[in-house]
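Undergrad: Protein chains in written order, with this note's numbering: chain G, 20 to 366; chain Y, 26 to 389.
All residues carry an ideal CB built from backbone N, CA and C; glycine is no exception.
Because the structure is a prediction, the values reported are computed rather than measured.
Sharing a structure here in structure tokens format.
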Amino acid sequence: MQRFFLGIDVGSVSTNLVMIDGQGDVRETLYLRTQGKPLVSIQAGLRQLAKDYDDAMIAAVGTTGSGRMLADVLVGADVVKNEITTHAAAATHLVPAVRTILEIGGQDSKLILCRDGVVTDFAMNTVCAAGTGSFLDQQAARMQMPIEKLGAMALEAKHAVRIAGRCAVFAESDMIHKQQTGHGLPEIVAGLCAALVRNFLSNLAKGKRLEAPFVFQGGVAANVGMKQAFEEALGAPVIVPPQHGVMGAIGAALLAKEWVESHGVATRFKGMAVADAVVQAGSWECSDCANGCEVIEVITAGSPVARWGDRCGKWAARMTRDEQDVAWGDLAAGDAERTTAAGSFVG
Amino acid sequence: MKINWLGLAQSRPRPTVIGIPRGLAYYEYLPLWRAFFEAMGCQVLLSPVSNPAVLAQGKLRVVDEACSPVKIFFGHVYSLQGKVDHIFVPRLISVQEGTYLCPKFLGLPDMLRSVAALGDEQLPLLTVDVNCRQAGGGWSDALRTVGKQLGVAASRVRYALQTALAMQAKYESQIQSGMLLPEALAPWEKAGTLLLQGPPVPGKPVRKNQPINLPGEEGPTVVVVGHPYVLFDPLISMGLITKLRKRAVAVRTVMTVDGEEAGRATEHLPKRLFWSFGQQLLGGALHWMGKPLEGMIFVAPFGCGPDSLIGDLVERFARREGNLPFLLLTVDEHGGDAGMETRLDAFLDVIEQKRQVRSATVPV
């Protein structure tokens, strides 16, 4: 029987699931909107996969993205990896010669440098999310244009209007100003793409040597205007892999495959049945000391299965029912502060 | 009446209470300050360990555009208000020949006074200038002035100063020999340590021992470059050092590099660095680059002017000196540490991959 490897990437905007086969070829990709409910979206994805795959066919599972811990608790992962390593693993798998990876997702942007298939350096955006997918989403909505059409519109431009891309707030007011003075929409959109690329390069590539081949991936790589703006700025062709939107999940699957194969262990996967399990995630602010940690808790069948977010570790450790009595006693008093909502969790 | 080795009676009328805020220069000079005040017969009270409540209090009062360590320092000062007779906030102008501290250190007592005046509050600040650029303007002169301000007899001040300088030298030699700052600082974070130390033994303090090998360090050797008040404040650094040690990383800091070594490491630069702490960071980082290392992490507060330059300089040298994996971590008042975890994990992956490549290419 053929063995498959499942990769799950729970990001701020999308939850992606992929299935790769023993040769490392991508057999299945699912792209779902997270919509602030990561658990619900993972379960929805698994339900779709369960139609074609049964538990015995899954040889390993890897999770990544900002919701990787939550995904691990739900499905039981063999590998839980950060987004940088998984994105690099996928890019070097699909384009082995790649030296520079440009990745723009919903709220993160990353620059990853590789030599001979090994990551040598990386940078991630720091304090500000200007220039990421969420900003493009907002601007498309403001101009009442579907996000998918933004890139094609940029290609129609005769020239790119100069837009300030340093800050999302300034960029927006700059765009409105340019619209009011009579510039055409395609030129403004092209200008926005050029500004975002400029911002990306000045923020992340500062002092780094960028060498071809370039791979552009992440949700924003679907935007042909952005691809063109990168090519103009870098003076070299930029490769956008067909699976650019699910690269994190592919990388997670590849690393999970590598892990179980090199260690010869059985998967920790809990099975497709978790798609129908009643799982709740919630959080509360612990008031036992001045730190005021925001403790996150995942509950199945009425009992917590995982907790994290506490600096001292006492909530994470206090997991069995008996030891919990004290905790629940404390909580009863402060029930109003407790915000437990089915499947609601900011990923 | 029982008298201890300091010549102080064990039971006395209520002593003067000196408050020391747990921030900024605290990490470099606590042994000096505590020993000095305690040897003069004062009692020392520290502000609580940084927590969100302290930060919130600081943010409420601080002047605009301050870095997070200054913001939290304000919170520490205010958490001592009403509990002590004096809050010790020296004005550090220059602690090393030919350099200055950053403007926030120079203006610290004034910023606090102006904020207190605006809020119509009383802050019993005990302050003094520390300025090596003036003849005899270093710590000795500064502390003598403080003793005088508190009305302590000159002979007692002299003895307290001698004791304090000896304790500080011992502390610095511990750190330079490789002990991590929190461990060296721990005894000085509680009262009574001075009495346990016994009278200072004349002679040179122990210098430059072999680096201490700490247990659980089978991982890569990584040097963390950053101000002590950033690295060792659990709130500002979000527990970075602990996170690294949990991942079996052998953590080294630039605090182990003394002024001479740091000076030699920066000798070839066309210009001297203006800031003493900055010189320590740059010189320390460059000194470490000559040693077998597997990675370097530079931690800078978002609002720090000097660090924005020094971080960039260090990064350029790291890239020039071959392929030393380098990570710049910018910290601010982040609530969550997910971003830091992601960057650390990815950084350690880079180091690990490099190890694997090396072991695959080097014939056994």
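Given that a residue counts as buried once 16 or more other Cβ atoms are within 10 Å of its Cβ, and exposed if not, what is residue 144 of chain G?
TA: What you label residue 144 of chain G is simply residue 125 of the first sequence in a count that begins at 1. With 16 or more other Cβ atoms within 10 Å, it is buried.
Undergrad: From this set, G:318, G:326, G:332 and G:321, which residue's C-alpha is nearest residue 310 of chain G's C-alpha?
TA: Reading the first sequence from its first residue, position 291 is the one you call residue 310 of chain G. The shortest C-alpha separation from residue 310 of chain G is found at G:332.
Undergrad: What first and last residue would you give for the beta strand (DSSP E) that runs through residue 260 of chain Y?
TA: Taking the second sequence and counting its residues from 1, the one referred to as residue 260 of chain Y is at position 235. Note, residue 260 of chain Y: premise wrong, no beta strand (DSSP E); not H, not E.
Undergrad: I think residue 73 of chain G touches residue 291 of chain G, with their Cβ atoms under 8 angstroms apart; what is that distance to the nearest whole Å?
TA: Your numbering for residue 73 of chain G matches position 54 in the first sequence. Your numbering for residue 291 of chain G matches position 272 in the first sequence. Right, the Cβ-Cβ distance comes to about 7 angstroms (below 8 angstroms), so this counts as a contact.
Undergrad: For residue 200 of chain Y, name the three-state secondary structure that DSSP assigns.
TA: Taking the first residue of the second sequence as position 1, residue 200 of chain Y is located at position 175. In this structure, residue 200 of chain Y counts as helix in the three-state DSSP scheme.
Undergrad: Taking only beta-carbon positions, decide if residue 175 of chain G is within less than 8 angstroms of chain Y.
TA: On the first sequence, residue 175 of chain G is found 156 positions in, with the first residue counted as 1. Chain Y, which has no Cβ nearer than 8 angstroms to the Cβ of residue 175 of chain G, makes this no.
Undergrad: If the criterion is Cβ atoms closer than 8 angstroms, does the pair residue 120 of chain G and residue 371 of chain Y meet it?
TA: Sequence index remark: in the first sequence, residue 120 of chain G carries index 101 (1-based). Sequence index remark: in the second sequence, residue 371 of chain Y carries index 346 (1-based). No, Cβ-Cβ distance for residue 120 of chain G and residue 371 of chain Y is not below 8 angstroms.
Undergrad: Rank Y:274, Y:182, Y:265 and Y:249 by C-alpha distance to the C-alpha of residue 13 of chain Y and give the top, closest one.
TA: Not covered by the structure: residue 13 of chain Y. The range shown for chain Y is 26 to 389.
Undergrad: Going by the beta-carbon positions, is the gap between residue 116 of chain Y and residue 153 of chain Y smaller than 8 angstroms?
TA: By 1-based counting over the second sequence, the position of residue 116 of chain Y is 91. By 1-based counting over the second sequence, the position of residue 153 of chain Y is 128. In this structure, residue 153 of chain Y lies closer than 8 angstroms to residue 116 of chain Y by Cβ.
Undergrad: What's the C-alpha gap between residue 89 of chain Y and residue 264 of chain Y?
TA: As a working mapping, residue 89 of chain Y is identified with position 64 in the second sequence. As a working mapping, residue 264 of chain Y is identified with position 239 in the second sequence. Rounded to the nearest angstrom, the two C-alpha atoms are 26 angstroms apart.
Undergrad: For chain A, check one thing: does any of its Cβ atoms lie closer than 8 angstroms to the Cβ of residue 201 of chain Y?
TA: Here chain A cannot be found, since the structure's protein chains are G and Y.
Undergrad: Counting only Cβ pairs nearer than 7 angstroms, list the residues of chain Y close to residue 143 of chain G.
TA: Residue 143 of chain G sits at position 124 when you count from the first residue of the first sequence. Simply 368.
Undergrad: For residue 313 of chain Y, which residues from the same chain have a beta carbon less than 6 angstroms from its beta carbon, with the 5 sequence-adjacent residues on both sides left out?
TA: As a working note, residue 313 of chain Y is residue 288 in the second sequence. The answer, listed in chain order, is 248.
Undergrad: Label residue 87 of chain G either buried or exposed according to how many other C-beta atoms from any shown protein chain fall within 10 Å of its C-beta, with 16 as the threshold for buried.
TA: Start at 1 with the first residue of the first sequence, and residue 87 of chain G comes out as number 68. Flag for residue 87 of chain G reads buried.
Undergrad: For residue 244 of chain G and residue 301 of chain G, what's the separation of their Cα atoms in angstroms?
TA: Counted from its first residue, the first sequence places residue 244 of chain G at position 225. Counted from its first residue, the first sequence places residue 301 of chain G at position 282. Looking at the two C-alpha atoms, the distance is approximately 40 angstroms.
Undergrad: Name the residue from Y:350, Y:278, Y:316 and Y:83 whose alpha carbon lies nearest to the alpha carbon of residue 206 of chain Y.
TA: As a first step, residue 206 of chain Y must be located in the second sequence, where it is residue number 181. Taking only the C-alpha atoms, the option nearest residue 206 of chain Y is Y:278.
Undergrad: Determine, using beta carbons only, whether residue 378 of chain Y comes closer than 8 angstroms to chain G.
TA: Here residue 378 of chain Y corresponds to residue number 353 of the second sequence, with the count starting at 1. Interface residue, yes.
Undergrad: With DSSP as the reference, label residue 64 of chain G as helix, strand or coil.
TA: Here the question's residue 64 of chain G lines up with position 45 in the first sequence. Three-state result, residue 64 of chain G: helix.
Undergrad: How long is the line joining the alpha carbons of residue 178 of chain Y and residue 310 of chain Y, rounded to whole angstroms?
TA: Here the question's residue 178 of chain Y lines up with position 153 in the second sequence. Here the question's residue 310 of chain Y lines up with position 285 in the second sequence. Between residue 178 of chain Y and residue 310 of chain Y, the C-alpha separation is close to 44 angstroms.
Undergrad: Give me the Cα-Cα distance between residue 201 of chain Y and residue 285 of chain Y, rounded to the nearest whole angstrom.
TA: By one-based count along the second sequence, residue 201 of chain Y stands at place 176. By one-based count along the second sequence, residue 285 of chain Y stands at place 260. Cα to Cα, the separation comes out at about 12 angstroms.
Undergrad: Measure from the alpha carbon of residue 72 of chain Y to the alpha carbon of each residue in Y:98, Y:369, Y:118 and Y:211, then state which is nearest.
TA: As a working mapping, residue 72 of chain Y is identified with position 47 in the second sequence. With distances taken between Cα atoms, residue 72 of chain Y lies closest to Y:98.
Undergrad: Output, in chain order, the set of chain Y residues within a Cβ distance shorter than 9 angstroms of residue 102 of chain G.
TA: Taking the first sequence and counting its residues from 1, the one referred to as residue 102 of chain G is at position 83. What residue 102 of chain G touches in chain Y: 367 and 371.
Undergrad: List the whole-angstrom C-beta distance separating residue 68 of chain Y from residue 104 of chain Y, where the pair is believed to meet the contact cut-off of C-beta under 8 angstroms.
TA: Position 43 of the second sequence, counting from 1, holds the residue named residue 68 of chain Y. Position 79 of the second sequence, counting from 1, holds the residue named residue 104 of chain Y. Residue 68 of chain Y to residue 104 of chain Y, Cβ: 17 angstroms. No contact.
Undergrad: When you compare only the Cα positions, how much space is there between residue 319 of chain Y and residue 141 of chain G?
TA: On the second sequence, position 294 is the one that residue 319 of chain Y refers to. On the first sequence, position 122 is the one that residue 141 of chain G refers to. Their backbone Cα atoms lie some 16 angstroms apart in a straight line.
Undergrad: What span of residues does the alpha helix (DSSP H) with residue 125 of chain Y cover, start to end?
TA: Within the second sequence, the letter at position 100 stands for residue 125 of chain Y. That residue, residue 125 of chain Y, is in no alpha helix (DSSP H); it is neither H nor E in DSSP.
Undergrad: Are there 16 or more other CB atoms within 10 angstroms of the CB of residue 147 of chain Y, so buried, or fewer, so exposed?
TA: Position 122 of the second sequence, counted from the first residue, corresponds to residue 147 of chain Y. For residue 147 of chain Y, the number of other beta carbons within 10 angstroms of its own is below 16, and it is reported as exposed.
Undergrad: For residue 228 of chain Y and residue 195 of chain Y, I'd like the C-alpha separation in whole angstroms.
TA: By 1-based counting over the second sequence, the position of residue 228 of chain Y is 203. By 1-based counting over the second sequence, the position of residue 195 of chain Y is 170. Low per-residue confidence applies at residue 228 of chain Y: pLDDT is 48, beneath 50, and the placement is therefore not dependable, though the value from the model is reported in the following sentence. In a straight line, the C-alpha of residue 228 of chain Y is about 11 angstroms away from that of residue 195 of chain Y.
Undergrad: Quick check: the Cα distance between residue 100 of chain Y and residue 59 of chain Y, rounded to an integer number of angstroms?
TA: One-based indexing of the second sequence puts residue 100 of chain Y at position 75. One-based indexing of the second sequence puts residue 59 of chain Y at position 34. Going by the C-alpha atoms only, they are around 20 angstroms apart.
Undergrad: Do three or more CB pairs link the stretch 257–265 of chain G to the stretch 274–287 of chain G at distances below 8 angstroms?
TA: Flag = no, the stretch 257–265 of chain G and the stretch 274–287 of chain G do not touch.
Undergrad: Taking only runs of the alpha helix (DSSP H) that begin and end inside the stretch 262–325 of chain Y, which ones reach a length of at least 4 residues, in chain order?
TA: 265–271, 284–290 and 301–314
Undergrad: Within the same chain, show all residues whose beta-carbon is closer than 7 angstroms to that of residue 230 of chain G, passing over the 5 residues directly before and after it, in chain order.
TA: In the first sequence, the residue the question calls residue 230 of chain G occupies position 211. Excluding positions up to five away in sequence, the list reads 118 and 119.
Undergrad: Give, in chain order, every residue of the stretch 325–343 of chain Y whose Cβ lies closer than 9 angstroms to some Cβ of chain G.
TA: Here the close residues are 327, 337, 340 and 341.
Undergrad: Under DSSP, the alpha helix (DSSP H) around residue 111 of chain G begins and ends at which residues?
TA: In the first sequence, counting from the first residue as 1, residue 111 of chain G sits at position 92. 102–113 is the span of the alpha helix (DSSP H), which, as asked, contains residue 111 of chain G.
Undergrad: Starting from residue 154 of chain Y, follow the beta strand (DSSP E) in both directions and report where the run begins and ends.
TA: Within the second sequence, residue 154 of chain Y is the residue found at index 129, counting from 1. It spans 154–156 - the beta strand (DSSP E) in which residue 154 of chain Y sits, taken as one unbroken run.
Undergrad: In terms of DSSP beta bridges, what is residue 104 of chain Y paired with?
TA: In the second sequence, counting from the first residue as 1, residue 104 of chain Y sits at position 79. According to DSSP, which records beta bridges pairwise, residue 104 of chain Y is partnered with nothing at all.
Undergrad: I'd like to know whether the C-beta atoms of residue 268 of chain G and residue 35 of chain G end up nearer to each other than 8 angstroms.
TA: Taking the first sequence and counting its residues from 1, the one referred to as residue 268 of chain G is at position 249. Taking the first sequence and counting its residues from 1, the one referred to as residue 35 of chain G is at position 16. Against a cut-off of 8 angstroms, the Cβ pair of residue 35 of chain G and residue 268 of chain G comes out as a contact.
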